[in-house]
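J.: Sequential numbering of the sequence shown, starting at 95, is according to our numbering.
We put the CB at the ideal spot given by N, CA and C, even for glycine.
All values reported here derive from a predicted model rather than from experimental measurement.
Attaching a single structure in structure tokens format; questions to follow.
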Amino acid sequence: MTLHLQQRQDVIKSRRERRKLAKRARIRRQVVRYFFLCLLLFAAASGFLFLPWSLADAERDIEVLGNRVVDVEQVRGALLGFVGKPIYKLDPGLLEARVRSLEAVKYAFVRRYVLPRPHLVVQVLEEFPWATFSTSPDGEPEAVISETGRFIPIKEFPNVVRPEFKIYAQSGLKMSKAEVAQWASWVAYVAAQTGKKVDSVDMRQPHNIWIQDEDLRLMIGVADSTLTRRLGRLASVVPELGKVDGQLEFINLGLDNNIPLKVVKVDSKHPARVSSVASASPVAVNTPDAVTPPVAVTPPAGDLPN
């Protein structure tokens with residue numbers, strides 16, 4: 095009986111010792127774990143505090159890709175205010191907005207890199223040019239109008255492509271993306287009917303707009319909702335142009351009911367003298383026998399739809 099009690103006490107004592115040993119082992123492991131955790135936090139904090147995480151040199155740390163019109167220095171100049179700031183504090187959206195503020199840039203994508211050194215990679219997608227802008231036919235081109243309606247100054251971006259199609263208007267002209275698309279459709283509509291390439295659109299007088307279609311001049315008046323219908327009447331005028339070949343000055347598409355043609359009137363007594371005569375007749379123009387043939391064309395009953 096005494097032996098059995100002694101054995102039981104020894105078992106309980108040994109079990110208690112094993113529990114103490116296991117508890118000490120767990121404590122040692124926790125101490126080691128917390129030590130390495132604190133060491134890792136200290137190393138991370140030291141890295142953020144003492145390592146060079148900021149952009150030190152714009153020429154070395156800002157890389158520009160995809161640019162043809164925009165100069166690399168212009169992109170770096172837009173981001174120059176962020177040099178010297180920690181790269182992890184830079185907002186890519188703000189950087190992209192700064193690059194998109196350049197007139198020739200349509201989209202910009204900025205990526206941040208830490209290794210092998212902190213630097214930025216800027217991917218640029220430039221505007222697609224649509225027309226060359228000038229204030230007069232004799233003046234030098236001042237800007238290029240993109241498909242989105244943005245004006246790209248030629249002085250700031252001399253490498254921009256200058257389309258052959260030109261827009262003449264007063265300085266300060268503003269165009270939206272929808273307006274550019276509308277004018278592009280009108281220009282294509284005119285070219286499809288005449289079979290010629292449209293050279294320019296003169297908008298210097300908003301109520302008296304002109305289109306130069308190679309050797310053919312069109313006075314289209316106001317660019318309103320009826321312009322598509324009025325341009326559609328060219329289909330009835332083009333076959334009659336051979337009758338006034340070399341004498342036609344312009345076609346007036348600004349009226350709603352008829353299409354008068356302005357021709358050069360030849361003086362029968364003095365053939366060297368010429369003078370301009372305009373017709374507004376809805377049917378034809380009665381001229382002297384030796385002057386000119388009929389010049390006004392009546393549009394067909396069914397005009398082309400808008």
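Alpha carbons only, please: which of N351, Q306, F227 and P333 is nearest the one belonging to T320?
T.: N351
J.: Can you list, in chain order, the residues of its chain with a C-beta nearer than 6 Å to that of H213? Leave out the 5 residues immediately preceding and following it.
T.: D155 and Y207
J.: Could you pull out every residue in the same chain whose Cβ sits closer than 7 Å to the Cβ of F245, ignoring the five residues on either side in sequence?
T.: E197, F227, A237 and I239
J.: Is it buried or exposed for D309, if we count other Cβ within 10 angstroms and need 16 for buried?
T.: exposed
J.: Starting from the Cα of R298, find the closest Cα among Q287, Y283 and V316 and give me that residue.
T.: Of the candidates Q287, Y283 and V316, the one whose C-alpha sits nearest the C-alpha of R298 is V316.
J.: I'd like to know if the segment 185–195 and the segment 248–266 are in contact, where contact means that at least 3 CB-CB pairs between them fall below 8 Å.
T.: Taking a contact to require three or more Cβ pairs closer than 8 Å, the segment 185–195 and the segment 248–266 do not qualify as touching.
J.: Identify every residue that forms a DSSP beta bridge with W304.
T.: D296 and M313
J.: Using 8 Å as the threshold, is the C-beta distance between L312 and L342 below it?
T.: no
J.: Identify, in the order they occur along the chain, each residue of the same chain with its Cβ nearer than 6 Å to the Cβ of D421, setting aside the five sequence neighbours on each side.
T.: Residue 421 is absent from the structure shown; the chain starts at 95 and stops at 400.
J.: Please classify K260 as buried or exposed, where buried requires at least 16 neighbouring CB atoms within 10 angstroms.
T.: buried
J.: If I measure Cβ to Cβ from P65 and keep anything under 6 Å in the same chain, skipping five residues before and after, which residues do I get?
T.: This structure cannot speak to residue 65, because the chain is shown only from 95 to 400.
J.: Within 10 angstroms of its Cβ, does S265 collect 16 or more other Cβ (buried), or is it exposed?
T.: exposed
J.: I need the DSSP call for P180, collapsed to helix, strand or coil.
T.: strand
J.: Measure the alpha-carbon distance for R102 versus S140 and round it to whole angstroms.
T.: 57 Å
J.: Taking the alpha-carbon positions, what's the T322 to W280 distance?
T.: Their Cα atoms are separated by approximately 7 Å.
J.: Who are P247's beta bridge partners in DSSP?
T.: A237
J.: Which of the three DSSP states, helix, strand or coil, is assigned to W147?
T.: coil
J.: Starting from the C-beta of L134, find all residues in its chain whose C-beta is less than 7 Å away, skip the five residues before and the five after it, and write them out in chain order.
T.: Hits under 7 Å: none found.
J.: Does the beta-carbon of F176 have 16 or more other beta-carbons within 10 angstroms, so that it is buried, or is it exposed?
T.: buried
J.: Given R170, which residues of its chain have a CB within under 6 Å of its CB, disregarding the five upstream and five downstream residues?
T.: A152 and I156
J.: Using three-state DSSP, classify A285 as helix, strand or coil.
T.: Three-state DSSP puts A285 in a helix.
J.: DSSP on P186, reduced to helix/strand/coil?
T.: helix
J.: Check V208 in the structure and name its three-state DSSP category.
T.: Correct three-state label for V208: coil.
J.: For R215, which residues from the same chain have a beta carbon less than 6 Å from its beta carbon, with the 5 sequence-adjacent residues on both sides left out?
T.: Note that residue 215 corresponds to Val in the displayed sequence, not to Arg. These residues qualify, in order along the chain: E157 and R205.
J.: Helix, strand or coil: how does DSSP classify Q168 here?
T.: helix
J.: What is the rounded straight-line gap between the Cα of V274 and the Cα of P210?
T.: 45 Å
J.: Please name the residue in V164, G289, P247 and E241 whose C-alpha comes closest to that of M269.
T.: E241
J.: Taking 6 Å as the limit between beta carbons, can you name the residues of its chain near Y201, skipping five residues before and five after?
T.: L219
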